[in-house]
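Data first, discussion second: the structure below is written as structure tokens.
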Amino acid sequence: MKTFALAGNPNCGKTTLFNALTGSTAHVGNWPGVTVDKREGIYKGSTEKVNIVDLPGIYSLSPYTPEEVISRNFILDEKPDGIINIVDATNLERNLYLTTQILEMDVPVIVALNMMDEVEKVGDSIDVKALERAIGVPVVAISALRKKGIKELMDRAIAMSPQRKGTTVLGGDLAPKIERAKQFFAATDVSSPLFHAIKMLEGDEIELRHEGAKELFTEISAGQDMEATVADERYKYISAHFSTAKNKKEKAELTKSDKVDRVLTHRIWGLPIFAVILFVIFHLTFSEDLFYINAIASAAGSPLPTFEDMGYAFIEDTEIYENFGIALAACFYDGAVFSPGVMFTNLFNLLLNYISYGIGLGVEAAGAAEWAASLINDGIVGGITAVLGFLPQILTLFLFFSILEDTGYMARVAFILDRIFRRFGLSGRAFMPMIMGFGCSLPAMINTRTLADDKERTATIRVIPFFSCGAKLPILTAIAGGMCELFGLPSVELITYSMYVLGVVTAIICVIVMRATTMRGEVPPFIMELPAYHLPGFKNLMLHLWDKTKHFVKKAFTIIFVSTVLIWFLQSFRWNWTYIADGSIQDSILASIGQLIQPLFTPLGFGSQLGEYGWVFAVAAITGLIAKENVISTFTVLAAMLVAGFEGTEDGVGEAVVMISATGMTPAACISFIMFNMTTIPCFAAVATAKAELPAHKFGGTLVFWLVTSYLVGTVIYTVGNWWWTVFIWLVAAAVAGTVIVLNNMGKIKLPKFRKNKV
Ligand code: GDP
Ligand code: MG
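Following my numbering, the numbering of the sequence shown begins with 216 at its first residue and continues without gaps.
Here's what the structure looks like:
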């Protein structure tokens, strides 16, 4: 069976083509030793079955990222029967840069000119035959998305002669140098001597490891920056020879992509635009007053009526209107039009509400013992619905992020941010993992593999949890909702948004401090090609969302299920194993554990000063270590004990109100609690991922880093929020710390080293 590998730039449509080729036979695994996805599948469209391997997206074959090393080694070592080099035709010249390198290997190559539908749509055309003559290997125009040209591509790929000697576009002054290097490699028994020769000329560290290569390199390069020269020559050749095949409808006219880019990646406006886009996304996901219609109406003196105002009966206990039709309508409007995210949440929770109500009735009819009814209603059903209830908002938020990513906008943001990131000691590449952190820390931490530098990577992994993930969202919305209700604050989404911003600010400060102290080092250069804008594929989006849903539901029914039942047990029983029937939760096992650790949180505002019930926050924070969703489901079980007949609310706001008013938390303490949970040790799964991704000796320090940071952040917020003048104390402390760091880095003072050097 033949094996073909798909190679190309990120976003050129590799995965789309791969799916079109392999359909249901595809399976995803890992490349050995790294957690970069490895996709393999079978193409059955011809008489001969063909094995297809999707290589990671790359811009070059230099060993700067794990993806590049994987792709390069696969081609050199596994010797596939051919490379299908996918080229984004809307971005021809940039994509051909990789092509010129692949051509240098002794392997059959066919170029799949993808996205031809887009090229045609804007009225351009590409002379495929001319391009084929210029490159010297088969070129086939396809559209992976519309499944056009795929049969021809594969037929021609299979018909390629199995032998091919590498060719290069480099010539002129470089020719004799390449020839010398090639002789050197021809004398050894490596395959693809031309490829190795040129990489060596570029000063490629892998090639320089060959015996005698360093000396030869020094001699040939004679102090010149060969890497830049080679890259330059490639681009020159491409624009002189390959791009003539391209006929722009209107040569001078900017493409749509370019026009959009003029605005979106504008030097000054780029960032504010991004901030506005983020805010709009949050508004569409969380706002209970879409476009502030009600706020405006209220300001004009005629607030919109709720259904209750209109005389419909609202049942406080269940938070559902008596009349089903009205209950349904109230998912969309109730005194204000809701945002799509909130509508989706309301509908889903209406359903959950009826289900848990039904289960409650069933339990009652079955005549279950009191403790069993409590286990089912408060423990199991309450915990799971509390967690599932957040799914709609998480999905909505994730949908928006997926759209931004699939359109190619996120790549632009990374580009805009590179300039700024550099000031903090990171490259723009760190942006992708960070933004992914808003969804889930796990894939985000794995994604840091695109960062070449170990220290930059460690710093990035450490701050990823501060980019508040989907599971932390419930903590935010519940407490923000509770604060609005109790302290008369105006807007839940403004608090939520500010918390996200505060998380990001904390991350920035931490990165600056780390890059100035324990994680010092140069920022590697950032080279990134901007993919042309695409409309996101609907199917792709749905697949992303489905993945997310599966993951979340699985977590809700496993880890969260077990921990809510455990918490239910700990807070329903006394040390002598008797069930607490009368709600005297203070006697429970959980209460005594909580009271023990409660004083630890006093500086953060949710410790001993909260009195009798204050331990609930300590307990909630601890259960959050298992999974962050637990924080609010813990609230649910605890609130049910504090308030007789408390049913739990789907958004957790009712719980937060009960907890905050029972303990007398101040607004500053509420914020401190949110921020503590946001910046402390993340969930089990994220900790395990961090351990796998970090260099071994950095893991312990990372745990300490999370504890210290969250403790500091919480303390600063609480003290400053309650006694504003303490801000001066903190500023002085920060100034002292900053001075010490700067002096130490200048070598003016010598700090004791507390870390032994480990290998
Ligand atoms: P990869 O990063 O190379 O795996 O690229 P993907 O397969 O994820 O594709 C990136 C984007 O390009 C997605 O939004 C695809 O829907 C889109 N895309 C892929 N192939 C085509 C095509 O032939 N035509 C158009 N218009 N879009 C495409
Ligand atoms: Mg892909």
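Note that CB positions come from ideal geometry on N, CA and C, so glycine has one too. Being a predicted model, the structure only gives us computed values, none of them experimental.
{"Query": "ILE285 vs GLY228 beta-carbon contact at 7 Å", "Result": "no"}
{"Query": "Which of helix, strand or coil DSSP assigns to GLY697", "Result": "helix"}
{"Query": "Terminal residues of the alpha helix (DSSP H) in which THR869 lies", "Result": "Note that residue 869 is Gly in the sequence shown here, rather than Thr. Note, GLY869: alpha helix (DSSP H), 868-878."}
{"Query": "The region 552-563 / the region 592-611 touching (three or more Cβ pairs under 8 Å)", "Result": "yes"}
{"Query": "Three-pair Cβ contact test at 8 Å for the region 430-439 versus the region 340-356", "Result": "no"}
{"Query": "Cβ pair THR851, GLU870 closer than 7 Å", "Result": "yes"}
{"Query": "GLN813, buried or exposed, once every other Cβ within 10 Å from all chains shown has been counted against 16", "Result": "buried"}
{"Query": "Spatial neighbours of ALA686 in its chain, beta-carbon cut-off 6 Å, leaving aside the 5 residues before and after", "Result": "LYS843, GLU844"}
{"Query": "Cβ-heavy atom distance, THR924 to ligand 1, below 6 Å", "Result": "no"}
{"Query": "Within-7 Å CB hit, LYS392 to chain C", "Result": "This model lacks chain C altogether; it includes just one protein chain."}
{"Query": "First through last residue of the alpha helix (DSSP H) which encompasses LYS414", "Result": "408-416"}
{"Query": "Simplified DSSP state of LYS253, which is helix, strand or coil", "Result": "strand"}
{"Query": "Cβ neighbour criterion (16 or more within 10 Å) applied to LEU758", "Result": "exposed"}
{"Query": "Span separating the alpha-carbon of GLU282 from that of GLY879", "Result": "53 Å"}
{"Query": "Contact test: PRO751 Cβ vs ligand 1 heavy atom, cutoff 6 Å", "Result": "yes"}
{"Query": "Beta-ladder partner(s) of VAL326, from DSSP", "Result": "ASN300, VAL354"}
{"Query": "Beta-carbon contacts of ALA356 that lie in its chain and below 6 Å, excluding the five residues immediately before and after", "Result": "LEU328, MET331, VAL343, GLY364"}
{"Query": "Proximity test, PRO225 beta-carbon vs ligand 1 heavy atom, cut-off 6 Å", "Result": "yes"}
{"Query": "Boundaries of the beta strand (DSSP E) in which GLY223 is found, first to last residue", "Result": "217-223"}
{"Query": "Contact check, THR975 vs LEU612, beta carbons under 7 Å", "Result": "No answer is possible for residue 975: the residues shown for the chain start at 216 and end at 974."}
{"Query": "At least 3 beta-carbon pairs within less than 8 Å: the region 546-553 vs the region 493-507", "Result": "yes"}
{"Query": "Residue range of the alpha helix (DSSP H) that includes VAL726", "Result": "707-731"}
{"Query": "Alpha-carbon to alpha-carbon, ARG638 and ALA626", "Result": "19 Å"}
{"Query": "heavy atom of ligand 1 below 6 Å from THR231 C-beta", "Result": "yes"}
{"Query": "The region 666-675 in contact with the region 702-714 per 3-pair CB rule at 8 Å", "Result": "no"}
{"Query": "In DSSP terms, what LYS363 is bridged to", "Result": "SER358"}
{"Query": "Start and end residues, alpha helix (DSSP H) containing ILE661", "Result": "656-662"}
{"Query": "Alpha carbon of MET375 to alpha carbon of THR382, nearest angstrom", "Result": "16 Å"}
{"Query": "Euclidean distance between Cα positions of LEU368 and PHE776", "Result": "50 Å"}
{"Query": "Stretch-stretch touch, CB-based, cutoff 8 Å, three pairs: the region 883-900 with the region 832-841", "Result": "yes"}
{"Query": "8 Å Cβ shell around SER407 - same chain, five flanking residues per side excluded", "Result": "LEU291, GLU319, MET320, ASP321, VAL322, GLY381"}
{"Query": "Check: GLU333 C-beta below 6 Å from any heavy atom of ligand 1", "Result": "yes"}
{"Query": "Endpoints, the beta strand (DSSP E) within which VAL957 is located", "Result": "Unbroken run through VAL957 is the alpha helix (DSSP H), 941-960; no beta strand (DSSP E)."}
{"Query": "Endpoints, the alpha helix (DSSP H) within which ASN845 is located", "Result": "844-857"}
{"Query": "Check: ALA359 C-beta below 6 Å from any heavy atom of ligand 1", "Result": "yes"}
{"Query": "Any non-hydrogen atom of ligand 1 closer than 6 Å to ASN329 Cβ", "Result": "yes"}
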